[in-house]
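Engineer: Below: one structure in structure tokens.
Protein chains: 2
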Amino acid sequence: MKQIDGGITAVEGFAAAGIFAGIKKVEKPDLALIFSDTVCTVAGVFTQNRFPAPPLLLNQKHLRKRKGQAIIANSGNANAFTGKQGYRDAEAMAEAAARALTIPIESVYVASTGVIGEFLPIEKITGAVPRLASQRSQSGSRAAAEAIMTTDTFLKEVAFVGPMGRQEVKVGGIAKGSGMIHPNMATMLAFLSTDAAIQPRLLQDALRQAVDRSFNCITVDGDTSTNDMVLCFANGRRGREIRSKGPSYHQFSALLEAACLALAKMIVWDGEGATKRVEINITGAQSDRAARRIAESIARSNLVKTAFFGQDANWGRIVAAIGNAGVPVDPERMDLSFGPVLLVGKGAYQGKEAESKVAALLRQREIDLRVHLYSGRGKATFWTSDLSLDYVKINAAYRS
Amino acid sequence: MKQIDGGITAVEGFAAAGIFAGIKKVEKPDLALIFSDTVCTVAGVFTQNRFPAPPLLLNQKHLRKRKGQAIIANSGNANAFTGKQGYRDAEAMAEAAARALTIPIESVYVASTGVIGEFLPIEKITGAVPRLASQRSQSGSRAAAEAIMTTDTFLKEVAFVGPMGRQEVKVGGIAKGSGMIHPNMATMLAFLSTDAAIQPRLLQDALRQAVDRSFNCITVDGDTSTNDMVLCFANGRRGREIRSKGPSYHQFSALLEAACLALAKMIVWDGEGATKRVEINITGAQSDRAARRIAESIARSNLVKTAFFGQDANWGRIVAAIGNAGVPVDPERMDLSFGPVLLVGKGAYQGKEAESKVAALLRQREIDLRVHLYSGRGKATFWTSDLSLDYVKINAAYRS
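Following this line, the structure appears as structure tokens:
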């Protein structure tokens, strides 16, 4: 498996575009299109929020046939809490794209991100769609990735190529989102393309698992924004169709997971105002589930995150977060390390010398936190960022 | 029922003191004593964190007999994650107080708050105890309240007097804590005194209920610091002993709850860096439990809290937090008001005029948020603060 250029259009048969349609107040790209020149198998994972936004309701309807050919997505307005009007607007977006691309409306998926509770400027959008469609190209990944950004500080695209049986297949993708403290509120969109041939149900299983091990390790399960979604389009050009969970399925799954993980890390590392990139590895837990809860409790703690911002080797806050994870842990059988430096060994603080080594590591941008619990073989990895002054500035001013 | 002066020493028979013993790096009071001149019935509620600090383990042991006569508490060092040495230090604190007061060690309760993971400077503490004990007075509540402060910006004491049967009884108290975003980590201590006569089991029940309706509506259930505790000492001087949950019990409970609620509000309103005081009322939920989860989800949301700091009538974030509470809610049957101004009525945004009225209300220091759900009779009230730039500054710099 290796990383390649080209993002979502690295996969042959996919084109993309991004333009300014006048949805954002400043002139920045705000309307994106992804188009496959043949009908794809589609899988989707959607928010667990009780109030899914209208575009998601429309997509869930279109996903029933597990087929699709295009995604139209806008930034600047989330079309959330907009009721029946919002649903009609999502339909109008799909309809406009379908007409411009001469495909059925059921083949079009819709995504929106931005301000909540305001109606879309739908005529601006439908009016801009013909221009958007005409600009699509096989090198359009970056333009599309840029057009779905909101508070993101950099565009997010990725592509991998790797073996699947005797063939090579590709997975490409773009994403938007910036990791927040409670990531539940930050709209996260990811769109993936592949040329693998795979049965719809298996594509769905592979996507669900890849999301669980990537986006859901920066986000909190069941605790997401109203607009979050991940869509994967498979055009089936390469390889024999995967029909079972055999070696080809696992090769494809690994590729898909790598793409999702790369995008997820970009999201958390684009945390609003973030100055640190923190990887949290839990090992030796009673179960993977217990490890996950502990990792999540640390990753979510504002006190831990402000300590990282302050470059403070504040292991007490980390241990307190472990104690709040709601799973049994023996405090006297717990190692806590930063990179190679053991700070707490079998529950005992290792002293000022270890702490000063850790303090030096915390001045780096990348922080590697490891906790071992000596209670079993459960493990989990989470990624988080620090909580900085800029986080508050951005979110006190930004109307999302 | 009416509020009176005097804090924890408003109740006859109680004395208190606070001095600087050299635990804090700056010369501020850091050692407190509360003493009853007779043996009291004692009730206690302790942290749900999996790693209770050594003083709590000692208190749980002393609480088995439900009797006590003194509390010794320090700030500047939490004596948490200090293992066996920490337990010996907690015992040494109790022992020193017992000796100075000539009471059994089992009658002394211990509390610590401050830096985690460092050993107490125990000789400084035991050396200062005779001076502490000698300074105790019936007007010592403020000195004790001051000596348990850490990041608190004001001292917290309260006292109420009210009827219990044909008698009047008093409840006094002091507390420390500053409401944080994830309040789980902010050590919260509260000590209460009363002259009511009440059976130990009933005192425990009354305290548990009062805590659930006050401190647990600013804190998250089961998700607390390693050192949190609430202790209530009843010296039994007034009234016939309460032996059942009759009218006297309910009168006493109301008084105790009022004292706890007043202290809890002081804590959340002393939120680190807070500029707003927010009361969240949920009504019309399917159950009290559902209402509580919704209130808590709003109260915990960093995005809601930064919007309050930004004085932004960002109802989308509030509604998204409701959608993340994990309880079924019908978005089309939901009213959301600030004070008297309806901003969302039956799920529909009420327009720019309503929003500008709300914006004016958000410039006030006190914010009154109400959500009605039309699904039942469940209700809950939570209190929270905003998330400000100063929160991050304090927590990036402070080693807690």
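Chains W and X, in that order, are what the protein sequence lines are. Take the first sequence: its position 389, counted from the start at 1, is 389 in the numbering used here, and no numbers get skipped. Each number in the numbering used here corresponds to the 1-based position in the second sequence with 1000 added. Heads up, the beta-carbon is just placed ideally off N, CA and C, and yes, glycines get one too.
Suppose the cutoff is 6 angstroms on Cβ atoms and the five residues either side in sequence are ignored; what does the same chain contact list for G1222/X look like?
Structural biologist: Position 222 of the second sequence holds residue 1222/X. Its pLDDT being 40, under 50, G1222/X is placed unreliably by the model, and the measurement read from it follows with that caveat. Within the same chain, G1222/X has close Cβ partners Q1048.
Engineer: Which residues does DSSP pair with T275/W in a beta bridge?
Structural biologist: The residue given as residue 275/W occupies position 275 in the first sequence. Note: T275/W sits in no beta bridge, so no partner.
Engineer: If you measure between the beta carbons of I148/W and A73/W, is that distance less than 7 angstroms?
Structural biologist: Counted from its first residue, the first sequence places residue 148/W at position 148. Counted from its first residue, the first sequence places residue 73/W at position 73. The answer is yes: Cβ separation under 7 angstroms.
Engineer: Helix, strand or coil for A94/W per DSSP?
Structural biologist: The count along the first sequence starts at 1 and reaches residue 94/W at position 94. Note: A94/W maps to helix in three-state DSSP.
Engineer: Fully enclosed by the region 167 to 246 of chain W, which beta strand (DSSP E) runs are 3 residues long or longer?
Structural biologist: 167 to 176, 189 to 198, 229 to 242
Engineer: Just checking: is the beta-carbon of I1181/X within a distance shorter than 7 angstroms of some beta-carbon in chain W?
Structural biologist: For the purposes of this step, residue 1181/X is taken as the residue at position 181 of the second sequence. Its pLDDT being 39, under 50, I1181/X is placed unreliably in this model, and the coordinates cannot settle the point.
Engineer: Where DSSP assigns a beta bridge to Q3/W, which residues make up the other side?
Structural biologist: Here residue 3/W refers to the residue found at position 3 when the first sequence is read from its first residue. Bridge partners of Q3/W: F160/W.
Engineer: Counting only Cβ pairs nearer than 9 angstroms, list the residues of chain W close to G1316/X.
Structural biologist: Here residue 1316/X is taken as the residue at index 316 of the second sequence, counted from 1. Within 9 angstroms Cβ-Cβ: A78, A80, F81, V115, I116, G117, E118, T226, R399, S400.
Engineer: Kindly give me the distance between the Cβ atoms of L31/W and A21/W, rounded to whole angstroms, as I take these residues to be in contact under 8 angstroms.
Structural biologist: Position 31 of the first sequence, counted from the start, is the residue given in the question as residue 31/W. Position 21 of the first sequence, counted from the start, is the residue given in the question as residue 21/W. Contact flag correct, Cβ pair sits at about 4 angstroms.
Engineer: List, in order along the chain, the chain W residues whose C-beta lies closer than 9 angstroms to that of G1347/X?
Structural biologist: Walking along the second sequence from the start, residue 1347/X turns up at place 347. For the C-beta of G1347/X, the chain W residues within less than 9 angstroms are, from N- to C-terminus, F81, G83.
Engineer: Could you tell me the distance, in whole angstroms, from the CA atom of G1013/X to the CA atom of A1092/X?
Structural biologist: Within the second sequence, residue 1013/X is the residue found at index 13, counting from 1. Within the second sequence, residue 1092/X is the residue found at index 92, counting from 1. About 26 angstroms.
Engineer: Going by CA-CA distance only, name the one from F252/W, M164/W, Q135/W, I282/W that's closest to G378/W.
Structural biologist: Translated into the one-based positions of the first sequence, residue 378/W becomes position 378. Among F252/W, M164/W, Q135/W, I282/W, the Cα nearest to that of G378/W belongs to I282/W.
Engineer: Reducing DSSP to helix, strand and coil, say where T113/W ends up.
Structural biologist: Translated into the one-based positions of the first sequence, residue 113/W becomes position 113. Per DSSP, reduced to three states, the secondary structure at T113/W is strand.
Engineer: For E123/W, does the three-state DSSP call read helix, strand or coil?
Structural biologist: The residue you call residue 123/W lines up with position 123 of the first sequence. Three-state DSSP puts E123/W in a helix.
Engineer: Cα separation between I1218/X and N1059/X?
Structural biologist: For the purposes of this step, residue 1218/X is taken as residue 218 along the second sequence, with counting starting at 1. For the purposes of this step, residue 1059/X is taken as residue 59 along the second sequence, with counting starting at 1. In a straight line, the C-alpha of I1218/X is about 24 angstroms away from that of N1059/X.
Engineer: If you draw a straight line from the alpha carbon of D1089/X to that of L231/W, how long is it in whole angstroms?
Structural biologist: The residue you call residue 1089/X lines up with position 89 of the second sequence. The residue you call residue 231/W lines up with position 231 of the first sequence. Taking the straight line joining both Cα atoms gives about 57 angstroms.
Engineer: Give me the Cβ distance between A1175/X and A1190/X, rounded to the nearest whole Å; I'm assuming they're in contact under 8 angstroms.
Structural biologist: Against the second sequence, residue 1175/X aligns to sequence position 175. Against the second sequence, residue 1190/X aligns to sequence position 190. The beta carbons of A1175/X and A1190/X sit about 4 angstroms from each other, so the pair counts as a contact at 8 angstroms.
Engineer: Determine the contact status of L362/W and I280/W, defining contact as a CB-CB distance below 7 angstroms.
Structural biologist: Taking the first residue of the first sequence as position 1, residue 362/W is located at position 362. Taking the first residue of the first sequence as position 1, residue 280/W is located at position 280. It is not a contact, given that the beta carbons lie outside the stated cut-off.
Engineer: Can you confirm whether P1104/X, when its beta carbon is compared against all beta carbons of chain W, has any partner nearer than 7 angstroms?
Structural biologist: In the second sequence, counting from the first residue as 1, residue 1104/X sits at position 104. Closer than 7 angstroms: no.
Engineer: Of the residues that make up the region 1057 to 1069 of chain X, which ones have a beta carbon closer than 8 angstroms to any beta carbon in chain W?
Structural biologist: Answer in chain order: no residues at all.
Engineer: Comparing alpha-carbon positions, which option in G1018/X, R1317/X, A1100/X lies nearest Q1069/X?
Structural biologist: As a working mapping, residue 1069/X is identified with position 69 in the second sequence. Of G1018/X, R1317/X, A1100/X, the residue nearest in Cα terms is A1100/X.
Engineer: 7 angstroms is my cut-off, CB to CB: does M185/W come that close to chain X?
Structural biologist: The count along the first sequence starts at 1 and reaches residue 185/W at position 185. The predicted model places M185/W with a pLDDT of 43, which falls under 50 and marks its position as unreliable, so this point remains unresolved.
Engineer: Are the Cβ atoms of I267/W and G177/W separated by less than 7 angstroms?
Structural biologist: The residue given as residue 267/W occupies position 267 in the first sequence. The residue given as residue 177/W occupies position 177 in the first sequence. Taking 7 angstroms as the Cβ cut-off, I267/W and G177/W qualify as a contacting pair.
Engineer: Over the uninterrupted alpha helix (DSSP H) stretch that includes G44/W, give me the two end residues.
Structural biologist: Taking the first residue of the first sequence as 1, we reach residue 44/W at position 44. Boundaries for G44/W: no alpha helix (DSSP H) harbours it, while the beta strand (DSSP E) harbouring it runs 31 to 46, taken from the DSSP string.
Engineer: Counting only Cβ pairs nearer than 7 angstroms, list the residues of chain W close to S1388/X.
Structural biologist: Here residue 1388/X corresponds to residue number 388 of the second sequence, with the count starting at 1. Those within 7 angstroms of S1388/X in chain W are V392.
Engineer: I105/W: which of K65/W, F119/W, G86/W sits nearest, CA to CA?
Structural biologist: Working through the first sequence from its first residue, we reach residue 105/W at position 105. Looking at the Cα atoms, K65/W is the closest of the given residues.
Engineer: For A1073/X, report the span of its beta strand (DSSP E) as first-last.
Structural biologist: On the second sequence, residue 1073/X is found 73 positions in, with the first residue counted as 1. Counted as a single uninterrupted DSSP element, the beta strand (DSSP E) harbouring A1073/X occupies residues 1067 to 1077.
Engineer: Would you call A380/W buried or exposed, if buried means 16 or more other Cβ atoms sit within 10 Å of its Cβ?
Structural biologist: Taking the first residue of the first sequence as 1, we reach residue 380/W at position 380. That one is buried.
Engineer: Flag V371/W as yes if its beta-carbon sits less than 7 angstroms from any beta-carbon of chain X, otherwise no.
Structural biologist: As a first step, residue 371/W must be located in the first sequence, where it is residue number 371. For V371/W, the answer is no, since every Cβ of chain X falls outside 7 angstroms of its Cβ.
Engineer: For K1084/X, which three-state DSSP category applies?
Structural biologist: In the second sequence, counting from the first residue as 1, residue 1084/X sits at position 84. Reduced to three states, the DSSP call for K1084/X is helix.
Engineer: Answer yes if the region 343 to 351 of chain W comes into contact with the region 253 to 271 of chain W, meaning at least three C-beta pairs across the two stretches below 8 angstroms, and no otherwise.
Structural biologist: no
Engineer: Does any residue of chain W have a CB that is nearer than 7 angstroms to the CB of R1240/X?
Structural biologist: The residue given as residue 1240/X occupies position 240 in the second sequence. Output row for R1240/X: interface = no.
Engineer: Take V1211/X as the anchor and find which of L1261/X, P1200/X, A1234/X, S1225/X has the nearest alpha-carbon.
Structural biologist: Residue mapping note: residue 1211/X aligns to position 211 of the second sequence, counting from 1. Of the candidates L1261/X, P1200/X, A1234/X, S1225/X, the one whose C-alpha sits nearest the C-alpha of V1211/X is L1261/X.
Engineer: Looking only at C-alpha atoms, which of A1111/X, F1119/X, L1203/X sits nearest to S1244/X?
Structural biologist: Position 244 of the second sequence, counted from the start, is the residue given in the question as residue 1244/X. For S1244/X, the nearest C-alpha among the options comes from L1203/X.
Engineer: P331/W touches chain X at which residues, Cβ-Cβ below 9 angstroms?
Structural biologist: Position 331 of the first sequence, counted from the first residue, corresponds to residue 331/W. R1050, F1051, F1081, G1083, listed in chain order.
Engineer: With a Cβ-Cβ cutoff of 7 angstroms, do L155/W and A143/W count as a contact?
Structural biologist: For the purposes of this step, residue 155/W is taken as residue 155 along the first sequence, with counting starting at 1. For the purposes of this step, residue 143/W is taken as residue 143 along the first sequence, with counting starting at 1. No.
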